[in-house]
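Visitor:
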Amino acid sequence: MPGSPFLMNEGKDMETLAFQGLIGLSVAMYLWLLAAGLTIVFGVLGVLNFAHGSLFMLGAYFAFTFYGLWGVNFWLAIVLSLLSVAVVGCFMERFFLRHIYHMDHAYQLLLTFGFILIFDDAVKMVWGGVAKIPAMPSFFEGTVSVVGRPFPVYNLFIIGAGLVVAIVVWLLFEKTWWGKMVRASASDREMASAIGINIPRLFTGVFALGAMLAALGGALGTPVRVVAPGIGAAMIIQAFIITVIGGLGNLKGAFVGAVIVGTLSAYGILLFPVFELFLIFLIMTVVLMVKPQGLFGG
Amino acid sequence: MKTRVAILVLVILLALLPAIAGKYALYVTIHILLLSIFSLGFNLLFGYTGLLSFGQAGFYAVGAYGCGKILLAYPSLLVGIVGGVVIAGAVSLFLGILCIRHTRMYFSMLTLSFGMMIFSVAWKWRDVTGGDDGLVGIPRAPLEIPGFFKINMTPMENYYYVVLAFAILAIYLFHRIVHSPMGLAIQGIRDSETRAACIGISVRKYRLLSFTIAGLYAGLAGSLLPPLESTVTPPVAHWSYSAEPVLATLLGGIYTFSGPIVGSVLFYLLKDIIVRFTEYWLICLGIIVVVLVMGFRGGVMSIFLKEGGRR
Amino acid sequence: MREKGKISRRAFLKTAVAGFGGVTLGLKGIGAGAQEKTPAKPKPARKALGVDVIKLGGQGVISGAHADYGWQIQAGATLAIEEINAKGGILGSKLELKFMDEELKPAVAVKNARYLATDWGAHFLFGVDSSGSAMAIGPILPELDRICMFDHASTHRLTEELVYGKGIKQIFRIAAPVYQEANVAALIFKEFPNIKRWAGIQCDYEYGYSVWALFKDTLKKYRPDVEFVSIAWAPFWTMDFSSHISAVMAAKPDAIHATPWAGEGVMLVRQALMLGVFDKIQAWFQSMGGSVDFLEGISNEVAAGKFKDKLWATARYIHNYPDTPENKKFVENFRKRWNRLPNYSAENAYSTIYVFKAAVEKTRSLKTSDLIQGIEGLKIMTPAGERYFRPEDHQAIYSVPGGKVMMDPKYPIPVLGDLKVFPTQAYYRNPPFEPLKMGK
Amino acid sequence: MKEIIRTESLGKYFGEMAAVHEVTLTLQEGLFTSVIGPNGAGKTTLINLLSGYILPDRGRIYFREKEITRLGPDKRVKIGISRSFQVMNIFPRMTVFQNILLPVLSRLNKTSSAFSSLKGQKEAVGEAEKILGEVWLQEEKDFPAGELSHGDQRLLELGIAVATNPQICFLDEPSSGMNPIERIKVLELVKKLASERKTTFIIVEHDMDIVFSLSDWIVVMNRGEVLAEGKPAEIRENQEVRDIYLGEEI
């Protein structure tokens, strides 16, 4: 092993830990955006969408195409990519998932796993196998000083975006009529349809929302991250971990889970450079063993 | 009777293969046999017990690394393979105790998680596993029982027969198991856990049994790998590798005995042939999976046998 | 121009991977022509080797974040094959290429090798990007009875352990191994007295481990005063390096040595820019930063001078060195053919084909045992300069400089300038090899 | 006449709601007993508790003087307690024959043999055949159970319940979803099995006519508590019972 697992890097004062935590938080926000959609879809539709990461990837590719290739304004590019992925999501739900809600979860996992394979190769066909890295919009360059160290404006923006989304989604589900309908049908489909809620359309909407959240995560990454086939599959496992830790179908749980995983791996990299990966899975396992419904699950 | 004859013919063909087929065909056949064993074990868990594991590659890897380690230290094929299987069985028994407490996606997530922990151990515990370079230069040791016989394994043909023998044995035993009272018991658990419990069947005990047997089969498949490739690397423990028996089984059909075997053949050939003409073989596989899940949950076999799947 | 490059590249990929690597796009004319001709009027005289075509089985990674490397290998090999076939092939036998995706997965690489050697009937194997894949293929070469020329995989273990240690003679390596990014870096920076605190951001796999270990060993020898203050390990598929960067920056290093390559390398240094790293440190050494895909990826930033002349790099060949007619000609032809500059895996693959040619012509045989004889001790002039295949470990010895990343009006993308050249004796490890300890 | 199962102040609570509360009850061997009561009276919960399907929050359960309060369902089957379910609960993907064979094997403790063939289990096979006959399902023997008609599935469920050869067997609405004629047939069958197999049946049933004509003993539950118990005649006269069944003609 390259150095003992407990090899400590130098200089672990409070400032360092704070800074690393903040960095971890910015990374956590991408995870949150990904996990939010996953957990919403599971909570309402009861489907664990293996292909959710692929929607994240599609979001990144669309954003890259609009913004990186066609030079569309950054913000517009993001909106466009969200809409495009939402369309893909509706298609998935309407023509495939809808027909397997009643089925064993195993088939849902398998179906959506099939979609991972399809999406990965599809983007390869359209955009080629080589990784894409567009330039960053100039207004995001530069840094602000945090505990005396330069902190990227972009990461700050990501943190902000993540929090805003968290609030918006919360309001959406807690305060709006639509949210109430969704929660009603999540808890009791028969009852919901009995009181005249159009369940199929509602579910399509929910799935589209989940897809858009994933896409947002992907799209916001494009200026600073790499866009390549397979990033979705690489991300989905982390998303699973997060939603499991927070409790499948639990939004607050997903947020906390994402923050835990994001900051923890940041600290893992700082403190035990060797054991990060193992650490994350260990946590997931322990949660599953001790409290399978997750930290926030009822 | 008809099937008996068909099986006999098939076995004879397989036995004659080295005479008629080239080196590469032999190599591919060995891989198909490994995948068949792997998938059979997986399907005992999925098709027969109703538990979808995404961590089987973990046990496959334990078998592979175990056998590899043994062969590097003590070059005797039998010792290596048996050793690998035993270790894999032990690990799956232990992890089984932890996993079978859950069902549905909690079980799937838990197995996924354990599999990936094994993966990261294989990747990180470099002193033992050789990191991502893996165990290198594992000998295809002679098949030997001191005092009785010693067969050189260097020629691929010889090793092919060893694998074939193990595969036939594994398949035969599997047939016995699923058609035994125990086999019926686990199917009962699959069909209705509560009902099974209320006729006096200890659900956990039989889940654990099935989990362990599945682990043993994964371990056997894994143990047969290092002598063939002379290398073992972490990817064999990765969750994406766990997906292979899943896909193969789904392809062949989860509710038929031969499903996983047929599926393994199709899956491997699909992968091996399509990949030569296009780099986009995964999309074909993906479409097939979607179609199977949407339409023919009994897999290819159900289409032949007009049975299975649709429920 | 990058756009055009891309398109041709994608088109190329499709057909090449479709299994007709040799007979692609622009090549069709020659390739196909060749195939019709040979059966049409066979000339016994031209069958010195008893075969119409010599089959070359190559592989590399052509998908994912590292895909450009596989592409460059194909492009280089294809160029060489076109040139040779145009001149009538080797002793009258044309060359044919089949190229497969290694996916950076050892199991896949082994399967490819077996398929190419035992089914497709390749006479030579070459390519391979990942060290893991190389270490997996090496041991089965005797069974396959084929030579494999490794064009990129750079772990020292391949030649030191498998060839020198285990005596697997079918392994050859034309590319400079980890000695390059580890020892050249050490030799450059021993001359910087005020760089005392080093940090590392390394690949979380054997490649990163060995480079970091070797770099530290060598630098310590010359500069007992330096310390290695922090390290971060990045696995494949790292999407975001900011945690790694801020982790190592916490120790306030004077300089950073990094190994993540291709797309990941680009991401790494760009995210380092975002974190204002280049205001804090004196130097950043990007191991394979001399590779074309990397330089293309950071053109804008370099042009804007964002790296403040602190970004250093090397490669296993750079197109602007050496200043020889061979190299000029190669770069010129490559740009004409592919509308891009060649990176090192392109040159390595290109030269590989010519090494095979030399060996066959020297031995007038396709028997592996003869060819091994033919290549051992071979001295051959290549674009990268003269290469010498050391008999003990089958490692090709040639010198590649390190330098600073900067713009050069002569080229559309940044290049390495202010080059530091070292004699090979100074930075290649020499037999007898004692195993490299990878402790911290 | 001797007791077979006794409960002491048994209680099961879901949050505020008391599904079963302070139930102290003695069931006599050989008495064909019906548990009746309005929906949500706790009948099914009581059966779930007695069969070990769920564990009580308070109180004790005794089977032939032996305490079994915390015994799991599979263990209880082994000592002679069996049940059927209100919601159809069979093994849909297995054949009708296998549905019966499995519980028989389980009773003979043969299920753990992993390599012997099923046909080899002569004793079990014979017995399963016999039970199939008793529940009128020979013809359907090799059907997948899931493809049986609703009525036949009910019969199969009954068959499964008796296949473990229980001393006491709880049937949760064995005739639900059947037409009146079928109902009578099924309950006649139950009665027949009771006498032939010396099994004590405790049934939950809605059809009052059937209940009052067939039962030797009736337990009336309301709001999780035992309201009354006694011979059909007594229950008919019971004022409280009349009140809760207000409107319905008993």
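As given, the protein sequences belong to chains W, C, V and E, one line each in that order. 293 is the number that the numbering used here gives to position 265 of the first sequence; each next residue is one higher, with no gaps. 306 is the number that the numbering used here gives to position 176 of the second sequence; each next residue is one higher, with no gaps. 1025 is the number that the numbering used here gives to position 139 of the third sequence; each next residue is one higher, with no gaps. 35 is the number that the numbering used here gives to position 38 of the fourth sequence; each next residue is one higher, with no gaps. Where is the CB? At the ideal position from N, CA and C, for every residue including glycine. These numbers come from a predicted model, not from an experiment.
For I1(E) versus I165(E), is the C-beta distance shorter than 8 Å?
Guide: Here residue 1(E) corresponds to residue number 4 of the fourth sequence, with the count starting at 1. Here residue 165(E) corresponds to residue number 168 of the fourth sequence, with the count starting at 1. Their beta carbons are under 8 Å apart, which means I1(E) touches I165(E) by this criterion.
Visitor: What runs of the beta strand (DSSP E), each 3 residues or longer, lie entirely inside the stretch 268 to 326 of chain C?
Guide: 273 to 275 and 279 to 281
Visitor: Provide the residue span of the beta strand (DSSP E) that contains P163(E), from first to last.
Guide: Position 166 of the fourth sequence, counted from the start, is the residue given in the question as residue 163(E). It is not in any beta strand (DSSP E) - P163(E) carries neither H nor E in the DSSP assignment.
Visitor: I think P356(C) touches L265(C), with their Cβ atoms under 8 Å apart; what is that distance to the nearest whole Å?
Guide: Position 226 of the second sequence, counted from the first residue, corresponds to residue 356(C). Position 135 of the second sequence, counted from the first residue, corresponds to residue 265(C). Confirmed, about 7 Å.
Visitor: Could you tell me which chain C residues have their CB closer than 7 Å to the CB of Y1091(V), listed as they occur along the chain?
Guide: Taking the first residue of the third sequence as position 1, residue 1091(V) is located at position 205. Ordered by position in chain C, the residues that pass the 7 Å Cβ test against Y1091(V) are G261 and D262.
Visitor: Within 10 Å of its beta-carbon, does W103(W) have 16 or more other beta-carbons around it, so buried, or fewer, so exposed?
Guide: One-based indexing of the first sequence puts residue 103(W) at position 75. Burial call: exposed.
Visitor: Classify H1038(V): buried if its beta carbon has 16 or more other beta carbons within 10 angstroms, exposed otherwise.
Guide: On the third sequence, position 152 is the one that residue 1038(V) refers to. Answer is buried; the Cβ neighbour count reaches 16.
Visitor: What did DSSP end up calling A1022(V) once you bin it into helix, strand or coil?
Guide: As a first step, residue 1022(V) is located in the third sequence; it is residue number 136 there, counting from the start. In the three-state reduction of the DSSP assignment, A1022(V) falls in the helix class, which pools H, G and I.
Visitor: Please state whether the Cβ-Cβ distance between I160(C) and Y336(C) is less than 8 Å.
Guide: As a position in the second sequence, residue 160(C) is number 30, starting the count at 1. As a position in the second sequence, residue 336(C) is number 206, starting the count at 1. Cβ atoms of I160(C) and Y336(C): not closer than 8 Å.
Visitor: Going straight from the alpha carbon of A931(V) to that of D1031(V), what length do you get?
Guide: Along the third sequence, one-based indexing puts residue 931(V) at 45. Along the third sequence, one-based indexing puts residue 1031(V) at 145. The predicted position of A931(V) is uncertain, since its pLDDT is 48 and thus under 50; no value can be drawn from it.
Visitor: Under a CB-based cut-off of 8 Å, is F309(W) close to chain C?
Guide: The residue you call residue 309(W) lines up with position 281 of the first sequence. Output row for F309(W): interface = yes.
Visitor: Does the distance from the C-beta atom of G274(W) to that of G260(W) stay below 8 Å?
Guide: The residue you call residue 274(W) lines up with position 246 of the first sequence. The residue you call residue 260(W) lines up with position 232 of the first sequence. No, the pair does not count as a contact, with Cβ atoms beyond the cut-off.
Visitor: I'd like the span of the beta strand (DSSP E) that includes G261(C), first residue to last.
Guide: Translated into the one-based positions of the second sequence, residue 261(C) becomes position 131. No beta strand (DSSP E) holds G261(C); DSSP gives it neither H nor E.
Visitor: Compare the C-beta of G152(C) with all C-beta atoms of chain V and state if any pair is closer than 8 Å.
Guide: As a position in the second sequence, residue 152(C) is number 22, starting the count at 1. Yes, G152(C) counts as interfacial toward chain V.
Visitor: Where does the unbroken beta strand (DSSP E) through M85(E) begin, and where does it stop?
Guide: Here residue 85(E) refers to the residue found at position 88 when the fourth sequence is read from its first residue. The continuous stretches of beta strand (DSSP E) do not include M85(E), and DSSP gives it neither H nor E.
Visitor: In this structure, does DSSP put G227(E) in helix, strand or coil?
Guide: Translated into the one-based positions of the fourth sequence, residue 227(E) becomes position 230. Of the three classes helix, strand and coil, the one that applies to G227(E) here is strand, per DSSP.
Visitor: Can you tell which of R134(C), R231(C) and I211(C) has the C-alpha that lies nearest to the C-alpha of L358(C)?
Guide: Position 228 of the second sequence, counting from 1, holds the residue named residue 358(C). Out of R134(C), R231(C) and I211(C), I211(C) has the C-alpha closest to the C-alpha of L358(C).
Visitor: Please return the same chain residues whose Cβ sits closer than 7 Å to the Cβ of E1247(V), not counting the five positions on each side in sequence.
Guide: For this step, residue 1247(V) is matched to residue 361 along the third sequence. Cβ within range, chain order: I976 and L977.
Visitor: Rounded to whole angstroms, what is the Cα-Cα separation between G142(W) and A242(W)?
Guide: Your numbering for residue 142(W) matches position 114 in the first sequence. Your numbering for residue 242(W) matches position 214 in the first sequence. C-alpha separation (whole angstroms): 18 Å.
Visitor: Check whether the Cβ of G416(C) lies closer than 8 Å to any Cβ atom in chain W.
Guide: Here residue 416(C) refers to the residue found at position 286 when the second sequence is read from its first residue. At least one chain W Cβ lies under 8 Å of G416(C).
Visitor: Name the two residues that bound the continuous beta strand (DSSP E) containing I65(E).
Guide: Start at 1 with the first residue of the fourth sequence, and residue 65(E) comes out as number 68. First-last for I65(E): undefined, no H or E at that position.
Visitor: Would you identify the three-state DSSP class for Q1157(V), choosing helix, strand or coil?
Guide: The residue you call residue 1157(V) lines up with position 271 of the third sequence. In the structure shown, Q1157(V) sits in a helix (DSSP, three-state: H, G or I).
Visitor: Check whether the Cβ atoms of M283(C) and L273(C) lie closer than 8 Å to each other.
Guide: Indexing the second sequence from 1 puts residue 283(C) at position 153. Indexing the second sequence from 1 puts residue 273(C) at position 143. Taking 8 Å as the Cβ cut-off, M283(C) and L273(C) qualify as a contacting pair.
Visitor: Please list the partners that M424(C) has in chain W, where partner means a Cβ-to-Cβ separation under 8 Å.
Guide: Numbered from 1 along the second sequence, position 294 holds the residue referred to as residue 424(C). By Cβ distance, chain W contributes F124, H127, I128 and L139.
Visitor: By Cβ distance, which residues of its chain are closer than 6 Å to F209(E), with the 5 residues on each side in sequence left out?
Guide: Here residue 209(E) refers to the residue found at position 212 when the fourth sequence is read from its first residue. Within the same chain, F209(E) has close Cβ partners P229.
Visitor: So what's R122(W) in DSSP terms, helix, strand or just coil?
Guide: Residue numbering aside, residue 122(W) sits at position 94 when the first sequence is read from its first letter. Looking at R122(W) - three-state DSSP - the assignment turns out to be helix.
Visitor: Within 8 Å, do at least three Cβ pairs link the stretch 1304 to 1319 of chain V to the stretch 38 to 52 of chain E?
Guide: no
Visitor: Straight-line CA distance for K153(C) to G267(C)?
Guide: Position 23 of the second sequence, counted from the start, is the residue given in the question as residue 153(C). Position 137 of the second sequence, counted from the start, is the residue given in the question as residue 267(C). About 20 Å.
Visitor: Between Y1207(V) and L1305(V), which are expected to be in contact by the criterion C-beta below 8 Å, what is the C-beta distance as a whole number of angstroms?
Guide: Translated into positions along the third sequence, residue 1207(V) becomes position 321. Translated into positions along the third sequence, residue 1305(V) becomes position 419. About 6 Å; that satisfies the 8 Å criterion.
Visitor: Quick check: the stretch 376 to 393 of chain C against the stretch 219 to 232 of chain C, are at least 3 beta-carbon pairs closer than 8 Å?
Guide: No: fewer than three Cβ pairs fall under 8 Å.
Visitor: Would you please verify whether the beta carbon of L911(V) is less than 8 Å from any beta carbon of chain W?
Guide: By one-based count along the third sequence, residue 911(V) stands at place 25. Bear in mind that the predicted position of L911(V) carries a pLDDT of just 32, short of 50, making it unreliable; the figure below should be weighed with that in mind. Taking Cβ atoms only, chain W never reaches closer than 8 Å to L911(V), which makes this a no.
Visitor: Which stretch, first to last residue, makes up the beta strand (DSSP E) that contains L252(E)?
Guide: Because chain E is modelled from -2 through 247, residue 252(E) falls outside the range shown and cannot be assessed.
Visitor: Determine whether the beta carbon atoms of A91(W) and I106(W) lie at a separation below 8 Å.
Guide: Taking the first sequence and counting its residues from 1, one reaches residue 91(W) at position 63. Taking the first sequence and counting its residues from 1, one reaches residue 106(W) at position 78. Contact: yes.
Visitor: Could you compute how far the alpha carbon of V1112(V) sits from the alpha carbon of A1169(V)?
Guide: For this step, residue 1112(V) is matched to residue 226 along the third sequence. For this step, residue 1169(V) is matched to residue 283 along the third sequence. Rounded to the nearest angstrom, the two C-alpha atoms are 14 Å apart.
Visitor: Please confirm whether I948(V) has its beta-carbon closer than 8 Å to some beta-carbon of chain W.
Guide: Taking the third sequence and counting its residues from 1, one reaches residue 948(V) at position 62. Yes, I948(V) lies at the interface with chain W (some Cβ there is under 8 Å from its Cβ).
Visitor: Going along chain W in order, which residues have a C-beta closer than 8 Å to the C-beta of M247(C)?
Guide: As a first step, residue 247(C) must be located in the second sequence, where it is residue number 117. The contacting residues are F306, F309, L310 and T313.
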